[in-house]
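Take a look at the structure below.
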Amino acid sequence: MKRQLTYIHQLKNHISTDVDLAGWVYNVRSSGSLVFIECRDGSGICQCVVNKEEVSEESWEAAISLKQESSIRLNGFVVSDERSIGGVELQVKRLEVIQLVADYPITPKEHGIEFLMNRRHLWLRSQRQWAAMRVRNGIIYAIHNFFQSKGFIQTDTPIFTPNAAEGSTTLFETDFFNDKAYLAQTGQLYGEALAMAYGLIYTFGPTFRAEKSKTRRHLSEFWMIEPEMAFYDLEMNMDLAEDMLKSIVAEVLEKYHHELALLERDTSSLKRLVEKDFIRMKYDDAVDILNSDKTAKVLDELIQQRKAEKEELIQEQDAIQKEHGSAKKWRKKQIEKRVIDIHTRVDQIEEDLRNIPRWKKSAQEFTWGSDFGGSDETVLTMQFNVPVMVTHWPAQIKAFYMKRDETDTYALGVDILAPEGYGEIVGGSQREDNLDVILARIEEEGLDPEVFDWYIDLRRFGSVPHAGFGLGLERTVAWICGLSHVRETIAFPRMMGRITP
RNA sequence: UCCUCGGUAGCUCAGUGGCAGAGCAAUCGGCUGUUAACCGAUCGGUCGUUGGUUCGAAUCCAACCCGGGGAGCCA
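One gets this note's numbering by counting positions in the first sequence from 1 and adding 2 to each.
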């Protein structure tokens, strides 16, 4: 007979039967003649109870010797039990240790980010990281579903490129058989060629930026989805992007509520977005909002809120520290823990209090013709509870390939800003399709027409209106999971100062 | 490159000029329903580095190293 393994996520279907599990010890507790093992097998976690009276001496000795991340095989009887995580519990009949582990470094306690990032290969086993990677998988699947169901085909564009496509961004340089080559920062120009061949295409691949950015929104290596559609204008492009985001969020909400719950994600804003229309505004209107008295007032109120919160926390700290001297032991511990939480929150508030006046200044003094900074995006989106699509940008701050409106001052580009301060997740545009205009644009930008010769061919031979956009996968995962940093949205992040593990 | 915050036990953090601390982890013991279990005991230190001020420095000053957050740039 074939040996059958049961996976923890299916255990609900095996209640009142015997099963074999194989996995790792996530945590272990003991209480006299009972040992409680939280066993994880990659598909989930299940509490397994070993009772000294009901197992062999070997199994019992094995059980009491277990440490975190020891690998084990278990045989037992599945029962439903509300006291257990997942509502299902294994009453162990036999336990076999594959490897006994000593000193697993990541305990179920709190750790700092540097410590965890140095052990990313192990950190991925932890619940929150496990959940985030599963949601990432769900998002990827939903993206393919969306495009495939609409007749798009996935195409892949090169990673080695001979030149910097848009000029401004810093690229990673490599040696390509004694020639300089660069790691691609976008597949868009190739995507346009493919759209002229297949009509509706999307790319899904890694992309590389060598900018020395150290923020919660930046990685040196990240994944981007870039659809490109022949015969699409700006509005069709925006409709597609909005449908895509709604479709991704709806699918994740449907299939990943367990993971989102582990991540403690408040899903009300995600649910709202599936049903409501996104905000669409022109750049000029966005500038008016930034400059408005209302925005200034919103930020002033935010400062007052933070100050009040800080005051309250400090009062609470004074009060409980007075209590500390005469408190019972358990209460002392509780107080000490709370004081540390207060310190952490007060540090955050102090940073906010340093930053918000800068945000206000940046918004109030924002002048037409500049690009939005990170804080401007936050200030803008905090006034709405659905994604904001900003269109019609001053042409001079956007790339040469974007089509302009009749007045030649605005580029038909669109940026989609995620709610809750997650920033720009989509950037796209209708592309310039006129041969003479694109030639002139390339010259204006001081770019080498030789390099773009094949690209210009697309305007020589059957040029049509077309449009596309790029979706940043990690920023999307961060937003949907409610994670504060993109480094937790990819298994092995690459960023300035981080190339291992 | 610049601004800002930080570096104290294996981990998370208190300690702001006067004896180096707590919780967790580890080790030993106790406990038949634990949920980051709990209770008792034991173990645990180059206070990032170098120099300076001082009777005395984890604490003040300077330089440097490393990390977090941000600006620029961007998805």
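No residue lacks a Cβ here, since even glycine has one placed at the ideal position from N, Cα and C. Since this is a predicted model, take the numbers as computed values, not measurements.
Secondary structure note for Glu63: its alpha helix (DSSP H) is the uninterrupted segment 59 to 67. Within the stretch 217 to 295, complete beta strand (DSSP E) segments of at least 3 residues are found at 223 to 232, 281 to 284, given in chain order.
Taking one beta carbon from each stretch, the stretch 38 to 57 and the stretch 73 to 91 have 3 or more pairs nearer than 8 Å; the two touch.
Between Leu419 and Val392, the beta carbon gap of about 7 Å places them in contact (Cβ cut-off 8 Å). The Cβ atoms of Trp395 and Ser377 lie no closer than 7 Å to each other.
Per DSSP, reduced to three states, the secondary structure at Asn147 is helical. Here Gly207 is bridged, per DSSP, to Met226. When C-alpha distances from Glu353 are compared across Asp287, Lys312, Asn239, the shortest belongs to Lys312. Counting only unbroken stretches of 3 or more residues, the beta strand (DSSP E) elements lying wholly within the stretch 365 to 446 are 390 to 396, 412 to 420, 425 to 432, in sequence order. Closest in C-alpha terms to Arg267, from the list Leu23, Ser18, Ile482, Met497, comes Ile482. Sorting Tyr234, Asp20, Glu318 by C-alpha distance to the C-alpha of Leu92 places Asp20 at the top. If you look at Asp455, you'll find it isn't in any beta strand (DSSP E); it sits in the alpha helix (DSSP H) that goes 455 to 462. Exclusion of the five residues before and after Val276 leaves Lys248, Val251, Ala252 as the residues of its chain whose Cβ lies within less than 6 Å of its Cβ. The Cβ atoms of His468 and Ala199 lie no closer than 7 Å to each other.
Judged by DSSP in its simplified three-state form, Tyr200 adopts helix.
Note that the stretch 319 to 326 does not touch the stretch 420 to 434; fewer than 3 beta-carbon pairs, one per stretch, sit closer than 8 Å. One thing to note: Glu213 has its Cβ within 7 Å of the Cβ of Thr172. Here Met498 is exposed: its Cβ has fewer than 16 other Cβ atoms, across all protein chains shown, within 10 Å.
Under the three-pair Cβ rule at 8 Å, the stretch 72 to 79 counts as touching the stretch 94 to 113. Phe494 counts as exposed, since fewer than 16 other C-beta atoms from the protein chains shown sit within 10 angstroms of its C-beta.
The stretch 206 to 226 makes contact with the stretch 182 to 197, as at least three CB pairs between them are under 8 Å.
Three or more Cβ pairs closer than 8 Å define a contact, and the stretch 458 to 468 falls short of that threshold against the stretch 113 to 132. Cβ neighbours of Gly375 within its own chain (closer than 8 Å, five residues either side excluded): Ser364.
According to the DSSP assignment, Ile115 belongs to the alpha helix (DSSP H) that extends over 115 to 120. The three-state secondary structure of Thr157, taken from DSSP, is coil. According to DSSP, Cys48 shares a beta bridge with Cys41. Phe402 is positioned such that its CB atom lies no closer than 7 Å to that of Ala243. Counting only unbroken stretches of 4 or more residues, the alpha helix (DSSP H) elements lying wholly within the stretch 70 to 141 are 115 to 120, 122 to 125, in sequence order. By the criterion of a C-beta distance shorter than 8 Å, Leu255 is surrounded in its chain by Leu262, Thr269, Leu272, Lys273, Val276, once the five residues flanking it on both sides are discounted.
Short of 7 Å from the beta carbon of Tyr424, and not among the five residues preceding or following it, lie these beta carbons of its own chain, in chain order: Arg477, Ala480, Trp481.
Residue state for Leu485 is assigned as coil, using DSSP reduced to three classes.
Close CB contacts of His146 within its chain, under the 8 Å cut and outside five residues either way in sequence, are with Gln156, Phe206 (chain order). When C-beta atoms of the stretch 57 to 70 are compared with those of the stretch 15 to 30, three or more pairs fall below 8 Å, so the two segments count as touching. Non-local C-beta neighbours of Lys400 in its own chain, meaning closer than 6 Å and more than five positions away in sequence, comprise Ala413, Gly415, ordered along the chain.
Collapsing the DSSP output to three states places Thr176 in a strand. Here the alpha carbons of Thr163 and Glu223 stand approximately 15 Å from one another.
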